[in-house]
Each structure stands twice: as C-alpha cells, then as structure tokens.
Amino acid sequence: MGRTGRKRAHKNAPSQALDHHESAVNLRRFMSRNGFNDESDLKLRNFPQTGRGVAAWRPLHENDVIIRVPFHLLITYATLTSSNFPRLFVPTSKLTIHDLLAAFLVLQRHKTNSFWSDYIDSLPPEPPWLPALLSEERTELLPVDLKLAAKKSRRSLEESWSRLARSIRSDWTCGCCGKNADRVIDLHSFIWGYVLVNTRAVYVDPETIRGECDRATDILSDEPCMALCPFLDMFNHSDDAATRAEFVRHEGQLFYQLTTLTGSKKYRQVFISYGGHDNVKLLTEYGFFIPGNCYDSVPIQVEEVFQVLKLVLDNSRYKFVQKHGLNKSLFISEAGASFNLKALLFVASDTSETKNLASVVYNDSYPESFVKSTGRMCHKLLYFHAEKLQSVLKILQDLELDSLVIDFLRYRLDLMKKLCDNKQ
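Residue numbers (this note's numbering): 16 to 439.
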C-alpha cells in the first residue's frame with residue numbers, strides 16, 4: 016500500500032469508545048467543573064493504528080478551534096510557583112522546567128487529595144517505553160543514529176535526576192504522610208514523571224508564563240516553555256497535520272488554544288502536529304513512529320561514503336569539505352541525496368580537477384555525468400546499510416528486544432529497499 020493509501024487506512028479505520036472508562040469520565044468532570052467547554056464535541060477513542068486518540072463528533076474546518084483549555088487547568092511554571100512546591104528545594108537551586116514538572120507530577124500522584132488527582136489518574140501508571148530506558152549493552156546494538164539519539168536522551172534523564180536529587184532539602188517532609196523526600200521521590204518514580212513530561216508536554220510562550228509567575232521564588236535555570244495540558248495530551252501526532260497552538264484571551268479569560276489549519280471530517284480522528292520530526296526523533300522523544308513519515312530518511316555517516324564507494328579526498332578538497340560542513344547532514348530520502356551528501360559525492364568523485372567547487376555545489380551546476388552516477392552511488396550506500404541492518408535485526412530479535420524497536424527497524428529496512436529500487 017502506498018503512502019496515500021496508508022494515510023487513508025489509518026484515518027478510516029474503525030475505533031472503540033473510551034469515554035465510558037472511569038478515568039476518562041472523572042477527567043471530563045474535573046475539567047468541566049473548572050471551566051472547560053468542549054465546543055468540538057471531542058470523543059476519546061481507541062484506534063487500530065494509533066491506540067488511544069481523539070475524534071471530533073462534528074466536522075472541523077480550516078481555522079476552526081479544536082480545543083480551548085483554561086489557563087488554570089494547565090500545569091505550568093506559574094502553577095508550581097503559586098503553590099508550596101518550591102519549598103521542596105534549597106533556595107539556591109537552579110532546575111530546568113522539565114526537572115520541575117517531572118517532580119511536581121510525582122508529588123501530585125503521591126498526595127491523597129491533590130487538585131490534580133483526576134488528571135494524574137488519566138496518565139499511564141508506568142512510563143511509556145523509550146529507547147533511553149534500554150540498558151547500555153542493548154543500546155550499543157542499535158543503528159548509529161538511533162543509538163546516539165537514545166544515549167543523548169538517557170544522558171538528559173540522568174542529568175535531570177542528578178540535579179533534582181542534590182537540590183531537594185534534606186529536612187523536607189511530605190505534608191500528607193510525614194515521609195522524607197527520598198521516600199516520596201526516588202529514581203523509579205522520577206523516571207515515570209520525566210518520561211510523561213517528555214512525551215506529553217506542550218510548548219507554551221515563556222513570556223506569557225513569566226507574566227503569570229511569582230518571581231520571588233525563581234528557581235528556574237531555563238525558559239518556562241513547557242506545560243502539561245489535560246485532555247489535549249490525548250491527541251496523536253501526524254506528519255501531515257497542521258495546527259496552531261497559542262495563548263488567547265476569550266471573554267476576559269486566558270486560554271491555551273489549538274486551531275486546525277487543515278480541517279477534519281466528522282467522526283474521524285483529529286491529528287495535531289508536534290513539529291516536522293523524522294521517525295528517530297519521534298521514537299526517542301515520544302515512543303512511537305509513523306510508517307510513511309514524509310520527514311524520514313536514511314542517515315549516512317561520512318566514513319561510510321569513503322568506505323563503501325572507495326573514494327579518497329586530497330588535502331585541498333578535504334579542507335573544502337570541512338570548511339563548508341559537507342561532512343554533516345548526510346542522508347538519502349525519497350527526494351534523493353541530501354544537499355550535503357550530493358556535494359560530498361561530487362567533491363570526492365570528481366576527476367576533472369574542477370577549479371571552483373563552490374560554484375558548482377552552490378549553483379547546483381553539476382555535470383550531467385555526475386548526476387547520472389549519483390543514483391548508482393546512493394544505491395550502493397543504501398545496499399550497504401540494508402545488509403548491516405539485517406544483521407542487527409537478527410541479533411536484536413534473538414535477544415527479544417522491545418517489539419517497538421524491532422518494528423521500527425523492520426520499517427526502516429523496508430524504506431531502504433524502497434529507496435534502493437528508486438535508485439536503480
């Protein structure tokens with residue numbers, strides 16, 4: 016099935032209602048009590064292709080508001096500074112908004128009578144799986160780009176926990192049970208909070224948030240640009256969705272509003288856009304991938320270009336590549352070789368002693384003979400990657416690694432084969 020067919024299939028697939036589940040009912044009641052008005056008649060559904068998602072029971076047209084959530088129902092830095100939460104930390108603490116939101120979630124889950132209990136109960140009890148949660152040994156088995164992304168995410172998580180742990184006051188005790196901080200917020204519970212913030216937080220305008228904050232307790236080391244938004248975090252992402260998120264004043268009240276720029280048919284799942292992300296980004300940051308993602312590509316390492324194609328750079332051309340950064344952003348997509356990969360292939364394979372390389376590269380005035388050979392060189396690189404990935408897949412399948420990674424690597428292998436066919 017082609018890309019268009021896959022898109023149509025996942026939009027038309029039958030779904031099952033989830034609104035009757037206790038957590039969904041309680042979340043709706045909580046939001047309604049606190050000023051939320053569902054103007055789009057949104058329904059929680061379970062979809063075959065995406066799992067839990069949101070459908071609209073009325074048609075949405077271009078520039079229609081999908082959802083408008085009162086500001087006080089968002090968990091923002093303003094929420095944290097207006098509560099007793101900052102007392103958990105030594106006054107000189109400097110923590111990121113991600114650190115703080117994760118810790119806040121953990122504390123609210125621990126409390127027996129939190130204002131946010133109905134929202135917390137709508138969250139998964141265990142953290143969604145991310146590649147960052149793999150052991151170091153298994154991470155090393157992943158393809159280079161996924162391995163580097165997983166390591167970066169894991170390092171961010173570990174640094175976040177380290178910052179938080181050394182910032183918590185040693186004399187702090189929980190107001191609801193009297194337990195010390197280390198018995199309320201430990202590494203296991205923090206990972207839950209951290210991953211949920213990572214996978215569910217929305218971007219918000221930091222200036223608007225700072226305008227609502229108590230500046231007397233500023234322990235933030237970065238911008239307050241992340242927030243948790245009940246119900247809005249139930250929407251799924253699509254690479255071809257287009258939405259606009261912003262703070263608006265409506266009838267004198269501040270809201271976080273999501274607007275569709277494309278529209279959606281009645282009873283269909285409503286997708287939103289998290290941004291123009293490829294599948295490695297989606298997998299490492301959000302824990303899913305999209306077959307047929309228009310932003311997908313096969314990354315190529317600069318060393319592979321010379322190893323596979325048996326190319327050599329003389330000193331002057333090596334300096335040219337370094338000066339212009341042509342050893343970075345190397346990939347092959349359905350559109351062909353990336354700008355830098357195409358340029359690198361030309362600089363490394365050109366035997367005509369071209370004097371002005373920059374003119375050829377930046378004016379896209381490549382010789383016809385090179386243009387014809389580009390497909391052949393890309394095919395060799397893709398074939399090399401496909402063979403290597405097949406070996407990796409065999410090892411990971413034998414280890415019974417998480418099925419999501421296996422599915423993603425199988426999808427990538429299919430993508431490589433498809434791109435190979437295009438280059439023949």
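Where a beta carbon is used, it is the ideal one built from N, C-alpha and C, also for glycine.
With a cutoff of 8 angstroms on beta-carbon distance, L33 and R73 are scored as not near each other. Distance from the CA atom of Y92 to the CA atom of Y134, rounded to whole angstroms, is 17 angstroms.
Linking Y289 to R283 through their CA atoms gives a straight-line distance of about 19 angstroms. Our two residues, L149 and R102, have alpha carbons roughly 34 angstroms apart in a direct line. For I90, there is no enclosing alpha helix (DSSP H), since its DSSP letter is neither H nor E.
The shortest CA-to-CA distance from L145 to any of P106, L341, I421 is the one to I421.
Just so you know, the alpha carbons of I183 and N195 end up roughly 10 angstroms apart. A straight line joining the alpha-carbon of R259 with that of L324 spans about 45 angstroms. Under the DSSP assignment, G226 falls in the alpha helix (DSSP H) whose first and last residues are 221-226.
Counting C-beta pairs closer than 8 angstroms gives fewer than three between the segment 266-284 and the segment 34-42, which falls short of the contact rule. At the C-beta level, I200 and V105 stay beyond 8 angstroms of one another. With fewer than 16 neighbouring CB atoms inside 10 Å of its own CB, C309 falls in the exposed class. Straight through space, the alpha carbons of V84 and H113 are spaced by roughly 21 angstroms.
For R259, the pairing in a beta bridge is given by DSSP as T274.
Distance from the CA atom of C244 to the CA atom of G208, rounded to whole angstroms, is 14 angstroms. Taken through DSSP and simplified to helix, strand or coil, Y289 comes out as coil. Using a Cβ distance threshold of 8 angstroms, V313 and M431 count as a contacting pair. Of all alpha-carbon atoms in R264, T127, E300, the one lying nearest the alpha-carbon of N213 is that of E300. Taking the Cα of E415 as reference, the smallest distance to any Cα among L156, D220, K109 is reached at L156. The Cβ-Cβ distance between L404 and L434 does not fall below 8 angstroms. Per the C-alpha coordinates, the member of A180, A373, F86 positioned closest to L341 is A373. Less than 8 angstroms separates the beta-carbon of V69 from that of M249. Assigned with DSSP and collapsed to three states, S312 falls in coil, not helix or strand. Shown here, Q284 sits in a strand according to DSSP, grouped into three states. Listed as beta-bridge partners of R264 by DSSP are L269. Counting of Cβ neighbours within 10 angstroms places S55 among the buried residues, the total reaching 16 or more. For L163, the enclosing alpha helix (DSSP H) starts and ends at 159-182.
A distance below 8 angstroms separates the beta carbons of S353 and F346. When the alpha-carbon of V210 is set against those of E368, L138, R153, the nearest one is in L138.
The alpha-carbon of H36 is positioned some 53 angstroms away from that of K357. Close CB contacts of F51 within its chain, under the 7 angstroms cut and outside five residues either way in sequence, are with V84, P85, L88 (chain order). Each of A165, S253, D311, V317 was checked against the Cα of A350, and the nearest Cα belongs to D311.
Just measuring C-alpha positions, the residue of A118, P142, K370 sitting nearest F335 is K370. The residue from D160, L75, D136 with its alpha-carbon nearest to that of I315 is D160. Setting aside the 5 residues that flank it on each side, A257 is surrounded in the same chain by T275, L276, T277, S288, each with a C-beta closer than 8 angstroms to its C-beta; the list follows chain order. Judged by their CB atoms, C189 and T96 are not nearer to each other than the 8 angstroms cut-off.
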